[in-house]
Every structure is written in structure tokens, then in C-alpha cells.
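Trainee: This is the structure I want to talk about, given as C-alpha cells.
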Amino acid sequence: HKGVRVFSPEDGIVDFTAFGGYKGKSRIGPLVSPVTSGQFLLYKNPRYKIPRIEDFSPQNWFTGLKSDLRKYYIVLFWFETVIKTHAGGDSTEELYRLLMSSMEHLERGGTDRIIYVSIQFMLRIISLLGLVPELEQEPSDVLSFKSNPGIEKYIEYTASVGLSDALKVSLGRTDRLLLHRRLTDVLVMVLECSLNTLPGVYDVIKETDEI
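So the sequence shown is numbered by our numbering: it starts at 11 and just counts up by one.
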């Protein structure tokens, strides 16, 4: 049998089972692959703790993400973050929409936009969970940019517009690398745990960011 972990906008993170999912003749097993969205038909038997997948209708394969290992790894980082935040708690549906929208933009965007989509996802998930330290705090705080008005204005403006418009705004290379690193530091700090995908994310950003 194949275990399947699903992020649902209604129920958060849920574990399902695809019975016989690893058998060669299984129809459902190959469909429920990572980074695939769709509609599930479930069978809940009181004898089993985990619901059984009766049918699955894929709606988006996200083939553009799966075919680019760099983008795929960024998505794995987002997935790990979502899991560590317990799917956003009371903000599950909003977090689901943010994740789906970010994946769509990452898939469509060029390599040079990877860092910006990653920055915006982190800014928005941190804000959604109410974890952003105030920008007026002392310069020693992890998200204080008093000494860097460019980053401060970027954060303030992009927070006031939708994701599509926010991704049209650019930062200088030094600023965007600094902001990306600070945001990952904030996530690790507020989650109070390590993120296993972070070393790979740093490699991806270093490789794809223009010099």
C-alpha cells in the first residue's frame, strides 16, 4: 500500500492510503505523486485509522516544477515549512491558497525569479501566521532594516499588493540575498526547529541568482 500525505484547504494535512498503490496494476498509485493537486474520493472505514483513497482526479501536475530540480527543491522547502507550521492552524485555507499561487508563479517564472517567489512566499507565510517582528525594532533584531531603506520599502510595498504585482518588484542583488537569508532565519527561529531542506535551498539560490 502507498501512504499519501495531502494538504487540504478544509482539513489541513491529512494522511491517506492508496491500497495496492505500489502494485504494477494500480491505477491510483502512479497518479498520487508529489506536487500534484486534484480531487480525492475517500472511503472511511471505522476499522481503519487512515482513510482509503477510492479515486483521484488530478487537476494540475505541475510538470514545470517537476522537470526543474531547482524549482522542485524550493517547493519541497515550502512543503516542509507548511508541515512544520501544522498547515497554518486557523489560517489553513489562506495558507493553501498562498502555496498554490506561489507554485503557479514559480512554475511560470524564469530562473531569475526563483529568489523573488521564495522571498514572497516566506514574507507572506510569516505574516499570515502573525510572526513578523515590527520593522521599528532595534537594528539587532532579525527583521530590522532601519539601516536599509530599500529593503524596508520593498517589504512595505509588496505587503500592500497581491502576489502577482509583488513579483514585478526587484531588489539589488545584495539586498535580495540578505532579505532571503534573514527570512529563512526567522522561520527557523519561530518554528524552533531545523529545516532539512534549507541547505539545498541556499545552494539553489546561490546557483540561480544572477552575478
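We put the CB at the ideal spot given by N, CA and C, even for glycine.
In its own chain, which residues sit with a C-beta less than 6 Å from the C-beta of V211, not counting the 5 before and 5 after it?
Mentor: F87
Trainee: Are the beta-carbon atoms of T46 and F72 separated by less than 9 Å?
Mentor: Cβ distance < 9 Å, so T46 and F72 count as in contact.
Trainee: Identify which residue in S180, V179, V42, L208 has its Cα closest to the Cα of P193.
Mentor: The question names Pro, but residue 193 in the sequence shown is Leu. Closest option to L193, Cα to Cα, is L208.
Trainee: Just grab the DSSP bridge partners of K54 for me.
Mentor: In the DSSP output, where bridge partners are listed per residue, K54 has none listed.
Trainee: Mapping DSSP to helix, strand and coil, what is A169?
Mentor: coil
Trainee: Roughly how many whole angstroms lie between the Cα atoms of F26 and I60?
Mentor: 6 Å
Trainee: Is DSSP giving G31 helix, strand or coil here?
Mentor: Note: G31 maps to coil in three-state DSSP.
Trainee: Using only CA atoms, which one of N158, Y164, M132 lies nearest to V196?
Mentor: M132
Trainee: Return the chain-ordered list of same chain residues with a C-beta closer than 6 Å to the C-beta of L52, the five sequence neighbours on each side being excluded.
Mentor: P61
Trainee: Can you give me the C-alpha to C-alpha distance between G120 and I38, rounded to a whole angstrom?
Mentor: 32 Å
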